[in-house]
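Number of protein chains: 4
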Amino acid sequence: MATPLPRDVIADNEALRLLYRSVRAQTCALVIGLSDADTTAQSMPDASPAKWHLAHTTWFFETMVLAAHEPGYQSFDPRYAYLFNSYYETLGERHARPKRGLLTRPTLDEIERYREHVDRALEQLLAAQPEPQTLMLVELGCHHEQQHQELLLTDILHLFSENPLHPVYAPLRRAPRPVAVAAPLTYTRYDAGIVEIGHSGSGFAFDCEGPRHPEIRPAFGLGNRCVTNREWLEFMADGGYRTPLLWLSDGWTEVQRQNWTMPLYWWQESGAYATMTLHGAQPLELDAPVSHISYFEADAFASWAGKRLPTESEWESVAQHQAGDGNFADSGLLRPAPAGGCGHGPQQLFGDVWEWTRSSFSPYPGFHPSAGAVGEYNGKFMSGQYVLRGGSCVTPAKHIRATYRNFFRPDARWQFAGVRLAEDA
Amino acid sequence: MATPLPRDVIADNEALRLLYRSVRAQTCALVIGLSDADTTAQSMPDASPAKWHLAHTTWFFETMVLAAHEPGYQSFDPRYAYLFNSYYETLGERHARPKRGLLTRPTLDEIERYREHVDRALEQLLAAQPEPQTLMLVELGCHHEQQHQELLLTDILHLFSENPLHPVYAPLRRAPRPVAVAAPLTYTRYDAGIVEIGHSGSGFAFDCEGPRHPEIRPAFGLGNRCVTNREWLEFMADGGYRTPLLWLSDGWTEVQRQNWTMPLYWWQESGAYATMTLHGAQPLELDAPVSHISYFEADAFASWAGKRLPTESEWESVAQHQAGDGNFADSGLLRPAPAGGCGHGPQQLFGDVWEWTRSSFSPYPGFHPSAGAVGEYNGKFMSGQYVLRGGSCVTPAKHIRATYRNFFRPDARWQFAGVRLAEDA
Amino acid sequence: MATPLPRDVIADNEALRLLYRSVRAQTCALVIGLSDADTTAQSMPDASPAKWHLAHTTWFFETMVLAAHEPGYQSFDPRYAYLFNSYYETLGERHARPKRGLLTRPTLDEIERYREHVDRALEQLLAAQPEPQTLMLVELGCHHEQQHQELLLTDILHLFSENPLHPVYAPLRRAPRPVAVAAPLTYTRYDAGIVEIGHSGSGFAFDCEGPRHPEIRPAFGLGNRCVTNREWLEFMADGGYRTPLLWLSDGWTEVQRQNWTMPLYWWQESGAYATMTLHGAQPLELDAPVSHISYFEADAFASWAGKRLPTESEWESVAQHQAGDGNFADSGLLRPAPAGGCGHGPQQLFGDVWEWTRSSFSPYPGFHPSAGAVGEYNGKFMSGQYVLRGGSCVTPAKHIRATYRNFFRPDARWQFAGVRLAEDA
Amino acid sequence: MATPLPRDVIADNEALRLLYRSVRAQTCALVIGLSDADTTAQSMPDASPAKWHLAHTTWFFETMVLAAHEPGYQSFDPRYAYLFNSYYETLGERHARPKRGLLTRPTLDEIERYREHVDRALEQLLAAQPEPQTLMLVELGCHHEQQHQELLLTDILHLFSENPLHPVYAPLRRAPRPVAVAAPLTYTRYDAGIVEIGHSGSGFAFDCEGPRHPEIRPAFGLGNRCVTNREWLEFMADGGYRTPLLWLSDGWTEVQRQNWTMPLYWWQESGAYATMTLHGAQPLELDAPVSHISYFEADAFASWAGKRLPTESEWESVAQHQAGDGNFADSGLLRPAPAGGCGHGPQQLFGDVWEWTRSSFSPYPGFHPSAGAVGEYNGKFMSGQYVLRGGSCVTPAKHIRATYRNFFRPDARWQFAGVRLAEDA
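Sequence order for the protein chains is H, X, P and A. For the first sequence, the working numbering gives the first residue as 1, with consecutive numbering after it. For the second sequence, the working numbering gives the first residue as 1, with consecutive numbering after it. For the third sequence, the working numbering gives the first residue as 1, with consecutive numbering after it. For the fourth sequence, the working numbering gives the first residue as 1, with consecutive numbering after it.
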């Protein structure tokens, strides 16, 4: 949850209104070209239908903001409270997650009317100079919706990957960019010292990004770019997926259980590798960062390379240095220069692929979940997950920052997740 | 498969053309009012999407008739052979059954164009005086499609039952009719003797309905109507779902595993029972035949009532007597008079609910599957299934006949299946 | 349950006492040479520990006879009623079947004392001229215990087969005997007619073996011997386990799920086949009947051979002819002459391997389970099982008779079950 | 693996011999009073049979020391290499873990002869002044065996808890001791600062206990004793197991899936609570530390109490202070004074119950697994596990030290694991 202090962006009601409008419009833009059925299907329990993302993000504003802080608000359909609650135990019973794909009704049209209904009420509320606490919840809702924009894309890709016809989501490129030149993989050396990590200051951040606190960082080296598909092919050719000693015990279990032999979405076709992307089936780009790999695969690759994954504090302390003081989005530097550029320091830190760290998702010293339903936002997921950093090619640019802690289970593969290596000094 | 002898209906090419057209049109009529998403979702592995039914029945004609017997036929999309094969091992690899709901593409529109493409080719073929063997395959395809018409309806009902909004499929009634008067349940007595069952003669029948053969039928009594919802409530009130001694061992396991306490689609609401139907949520009709029960429930009810389920030969020998010579559809008597009528003999034998028999689905003496892909039609399912007789309120009327052997697993509940009791004489 | 009429064997109290003593002694003899641990372990949920068989058969006499009919009987340990009830819902809660292998206590010694305790009480009861109904329960208990003698051996074999050390249960031969000469497989022809099957008369039989009743048997041919291991190897060499069209749909699912490529207990070793037996690992005897195959495999083999499995009525009507009037054990002809003998009629009908029939286990016309707990004996298992006939090399000789209906699920492989082919005339 | 430098204890060959002898004798003493069957059964995949523990610890010496470093060593039975390898991929194929309970052979007697065989060879090797590297492996084997001594006891308790007869393992007390007086739960305050944790110096430690390194420890308070059964009952009475907001998301899933309502081994009996212990069923001791709880339960309890679990560095920095220089066993202070004593600082840190920390089991900075098979000892388990500290009432006293990092999955409950609370300062 947002840090519970009034901040500039909130004080500036107009800025928040613009944020709200642009985020809401962007979500709608994501489903242009998708059919009613495309937005309804659910390809696995971890993924959700696009239509559900549209409705759930709306439900969030309706429930957390309008129902709680706008007296006299008339809900669009009281049954939606049950249908579109994701996991908030505070807010009562909800529809079973694995059955989201069965909700052929309400239709996509109805959900779009639902969005308009809530948008009108929200605009009225914002016009009426609400309390700072209410404004902060609106801001939180915008960032929550940006998270779902990314998930909508990862989930559509997974759905389309299950279709033998390989449908094209969008002709536009939404894939990790290759390095301009096949830059050799080198390591930038950092000295030992005490670093500060975690969010502070006036920008928005989720509750789990704070409190800012010092950590001891040992001397280490950080890879100057992400691992590429070309390098991953070497790992495969060297028997990486058949050598148990490279793997964590749980990872090797998954390799065998799921018959992993290559990243998700890859396949072999007449001697070469192809991959499923948001613009359909494509030949593999050898110099692009490898993506759609699990933590287990990232860790095994690092073992094979004689390296390791970076920790959160190693990654963030370097990224802060590049992005400015802990909040990337505020720095104006939304997308750093492409790799292969000047060569000073690590490239591709932001906006290519999420980078697995070796850090479990756990509370920073002094962390306390917020009171109320929004307290369920992050804290209750602090077991069994690893932190990823940096943002991917499908992360909204304004959603990327150096302190951002994304997290997934170590066997998850459907995100745009890759690997950057580190080494002990 | 159809008995491999030329028959009248086939000799009459024009009659077959009319059959083909009416069956194909009826299938399309079933999806009027359904959205693209409604026709795409799959609510459980046993059920299939409506769109898939539309495509698979078309694939049957394309593969079994056009590809095999029409030189120069151009397939609509060669990838459909993989997507819409149901279970024919002879015809190669196929899309995994539990993933049918992920096929948001092709869209419903595209499938309708696919249907038109095949219809045009089929009409041309029929116009060209094909071989009798080809005509028989067309006839088989029509009856195959009628089976899928019923499944489309049972599957849509299951999908809509999973939706908390209880969508209405159709305002028209498609539910078992109540008996006109609450007729008391009596038993018509039949003497022991040798009866002949199984298909013979000129009408169409599936391969498993023959050969016609004699069986020894002991003296017995057959219930004059189906068990009603009212009677089922008595069974429930008497602890029927909590008394293991009433149940087959496997049945009791299912009761516990799935927490069965009433038929599928029932629930309690302010003291009364409601049920999900094709015209939405409705109050329970007490004098209608109970429906959506498993074999295990039917058998437990019979034990509770001190009766038993009839055998196939008991049922069919009585039904033939009513329907005429072994083929109900040919008799012109498509829907028998409602129960509560004259009271002579069993009522509701045809077209209300499928009636579970105590007979396992096994081959009649002398049965041999046909050669080729159509040989996979019925024979390979002859284990683990029980036979149901009579046809339901969603069975196409022309598809009902006294020799018809429907079959499902004993735990299946999503069909319009009910129970008629029998007793030893 | 035994037919509820007093019969000679019961009238002869002394004969029953001898039966009781010999059956009880034979069970104890089966565990000579087994360790406490050998008799405790459970290798799968379908199998039970040897110690459990010793205790459960004793519990049967204690509960059904002594507790019910012997006033003042003191139970050995009242907690055993819970531990050693197999599946009788009438008799209350019981220990979970899959956890039988965790009962390291009571020890084998304690169970043997339990047996002595019950034996003493039972002898006293028999000495006191009890009611015929009580005597019939004692007789039923003896036959029940003979069933468990066979299961004890099949379960020990399964346990030892899971041990890479291949322990030897007994140096004595307990395996299907090979045919003396590699007799060619021929078919004895039988004419169509009405046959009577099912138990009648004075000997013991389980409830499900009656009532005796007429059935119409079509003309058919029955294989003169069981299928041999040599013939099974031909099926394997011809791709039998890789050809889906030979299999029932459920069978093919099992082939893939369990990776069946040969009968249970077979493996390849330096080019030849070996098999696990009760006397340890042994080379495969090519002319012995194939054993440890499922119904699905038996049916697929028959399809491959262009034949089919016999029905119950076909098998029994032929077997009666050989064994005398419906009760083999009474005929004195306990083990028929080995195959390859005179060549008149089918050989190996009794005591080699159980022979899968194509008949589902269902009630004979007029069958009613007995009242009380013994009514749970057979009737509640009449779904999902197939009948086997003839008895195996580990069936007690006195337990073999022409009317005996053994039954197992179609995927069960750990019994000594094989296949005899039949053909339509 | 042991730190790869020669150390005093190893230089002193005689001390190692004494250690070896005492550890080996202690293991054998643990199975006195157990039957062959007791030592064979396996009550769940996470647990192993006692006999397997006896054999596997012997296999470790045979494989890691004798086979690798003693030319001419004759193995007792070459098949044991397959049977008793636990999880070492380096050392080839092994028997499937969930099937350990099926190994009724070799018998307990044979395993004891196997132990003697290896002991004789090991003593000869030690007498022959082996290389320091070999000595270190012997020392590692002794500590490895101590780990299995504890597991043998936790596994026997689990097995006996599954037996409705509640067998008694030992009349001696092996259970967490109650606090002498119901001491109120207070928190000792520690200031923020840089602490050093991890093993260093001359004593033995496992590889994952190092390298010693600095960490920033925030100001915090540590509970002066463990949470008691009495306090746990308050948590239960307050609906702790029914309040989802207290639980981690994964924890709540387990609560529902496994129907947790109290710690493992508890049950209610005539209004009071009883619990299964190594000396049989016992009434619950209200002032003893709660035990047999999962991480999820520990964490939920802390949330309910408004506190949190300590981190590894918080726990170890306090424990070092008490135990001396990082190695408790060496300090001679094997069992600290019982709680309720002088009141200075936390009590019950060592030897009562393992204490869940909130730290995931992850590598210390600079950690590298050893080369060879022993490198699989700890590193490959560094995902999905939480660290426990302190040792329990069944941990060998010499095996307890302040740097020891035990680890289990967050849903594991069969260990003697409890909870000590911490709070932010």
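All C-beta atoms in this analysis are idealised placements derived from N, C-alpha and C, irrespective of residue type, glycine included.
Give me the Cβ distance between residue 255 (chain A) and residue 418 (chain A), rounded to the nearest whole Å; I'm assuming they're in contact under 8 Å.
-> Not a contact, Cβ separation roughly 18 Å.
Can you tell me where the beta strand (DSSP E) with residue 213 (chain A) in it begins and where it stops? Where residue 213 (chain A) is concerned, the enclosing beta strand (DSSP E) stretches over 213-217.
Quiz prompt | Interface partners of residue 107 (chain H) on chain X, CB under 8 Å | solution = 35, 37
Should residue 410 (chain H) and residue 386 (chain H) be called a contact, given that it needs their Cβ atoms to be closer than 8 Å? yes
Residue 268 (chain P): which of P:284, P:277, P:278 sits nearest, CA to CA? Out of P:284, P:277, P:278, the CA that lies nearest to the CA of residue 268 (chain P) is found in P:284.
| request: Report all residues from its chain with a CB closer than 7 Å to the CB of residue 262 (chain P); omit the five preceding and five following residues, and keep chain order. | output: 236
Residue 239 (chain A) vs residue 168 (chain A) beta-carbon contact at 8 Å:
No, they are not a contact pair.
Apply the 10 Å Cβ neighbour rule to residue 264 (chain A) and answer buried if 16 or more other Cβ atoms are within range, or exposed otherwise. buried
Contained alpha helix (DSSP H) runs [length at least 4] in the segment 39-70 of chain X, N- to C-terminal order:
50-60
In the segment 140-170 of chain A, which residues sit with their C-beta less than 7 Å from some C-beta in chain P, listed in chain order? 159, 162, 163, 164, 165, 167
| Taking the alpha-carbon positions, what's the residue 258 (chain A) to residue 82 (chain H) distance? | When rounded, the distance between both Cα atoms is 25 Å.
query: So who's on the other strand from residue 276 (chain P), going by DSSP bridges?
result: Partner(s): P:281.
Open item on the list: Using C-beta distances below 7 Å, list every residue in its chain close to residue 6 (chain P), excluding the 5 sequence neighbours before and after it, in chain order.
Closed with: Bear in mind that the predicted position of residue 6 (chain P) carries a pLDDT of just 45, short of 50, making it too unreliable to give a figure here.
Go to residue 253 (chain P), then tell me how far its alpha helix (DSSP H) extends in each direction, as first and last residue.
Run containing residue 253 (chain P): 249-258, per the alpha helix (DSSP H) assignment.
Next on the checklist: Is residue 94 (chain P) close to chain A? Criterion is C-beta to C-beta, closer than 8 Å.
Outcome noted: no
Would residue 248 (chain A) pass as an interface residue toward chain H - the criterion being a Cβ-Cβ separation below 8 Å? yes
Check your understanding: Measuring CA to CA, which of H:217, H:365, H:424 is closest to residue 311 (chain A)?
Key -> H:365
Check: Does the segment 146-157 of chain A come close enough to the segment 41-55 of chain A to have 3 or more Cβ pairs within less than 8 Å?
Finding: yes
Task: CA nearest to the CA of residue 320 (chain A), picked from A:117, A:349, A:160 - done: A:349
- Query: Under the three-state reduction of DSSP, which class applies to residue 389 (chain H): helix, strand or coil?
  - Reply: strand
Is it buried or exposed, residue 141 (chain X), if we count other Cβ atoms within 10 angstroms and call 16 or more buried? buried
Checklist entry - For residue 381 (chain A), which residues from the same chain have a beta carbon less than 8 Å from its beta carbon, with the 5 sequence-adjacent residues on both sides left out? => result 361, 407
Rounded straight-line distance, which links the Cα of residue 298 (chain X) to that of residue 145 (chain X): The alpha-carbon of residue 145 (chain X) is positioned some 28 Å away from that of residue 298 (chain X).
Among all the DSSP beta bridges, which residues are the ones paired with residue 438 (chain X)?
As shown, chain X starts at 1 and ends at 425. That puts residue 438 (chain X) outside it, with no answer to give.
For residue 115 (chain A) and residue 103 (chain A), what's the separation of their Cα atoms in angstroms? 17 Å
- Per DSSP, what kind of secondary structure is residue 100 (chain H) in: helix, strand or coil? helix
Self-check item: At least three beta-carbon pairs within less than 8 Å, the segment 396-404 of chain H to the segment 270-277 of chain A
Solution: Cβ pair count under 8 Å is below three, so no.
Is the beta carbon of residue 96 (chain A) less than 8 Å from the beta carbon of residue 37 (chain P)?
-> no
To the nearest whole angstrom, what separates the beta carbons of residue 35 (chain P) and residue 107 (chain A), a pair I think is in contact under 8 Å?
That belief holds up - the Cβ atoms of residue 35 (chain P) and residue 107 (chain A) are roughly 6 Å apart, short of 8 Å.
With 8 Å set as the bound, which would you pick, yes or no: does the beta-carbon of residue 41 (chain A) sit closer than that to a beta-carbon of chain P? Residue-level contact by beta carbon holds for residue 41 (chain A) and chain P, with a gap shorter than 8 Å.
Quiz item: Taking residue 415 (chain H) as the reference, which of H:117, H:156, H:86, H:422 has the closest Cα?
Solution: H:156
Review point. What residues in the segment 204-218 of chain P bring their beta carbon closer than 9 Å to a beta carbon of chain X?
Key: 213, 214, 215, 216, 217, 218
Item to complete: Answer with yes or no whether the minimum CB distance from residue 429 (chain X) to chain H is below 8 Å.
Response: There is simply no residue 429 (chain X) to check, as chain X begins at 1 and stops at 425 in what is shown.
Is it the case that the CB of residue 79 (chain X) approaches a heavy atom of the ligand FMN more closely than 7 Å? Ligands are entirely absent from the displayed structure, and the ligand FMN is therefore not among its contents.
Practice prompt. Could you check the C-alpha separation between residue 59 (chain P) and residue 174 (chain X) for me, to the nearest Å?
Written response: Looking at the two C-alpha atoms, the distance is approximately 54 Å.
> So what's residue 407 (chain A) in DSSP terms, helix, strand or just coil?
Replying inline: Note: residue 407 (chain A) maps to strand in three-state DSSP.
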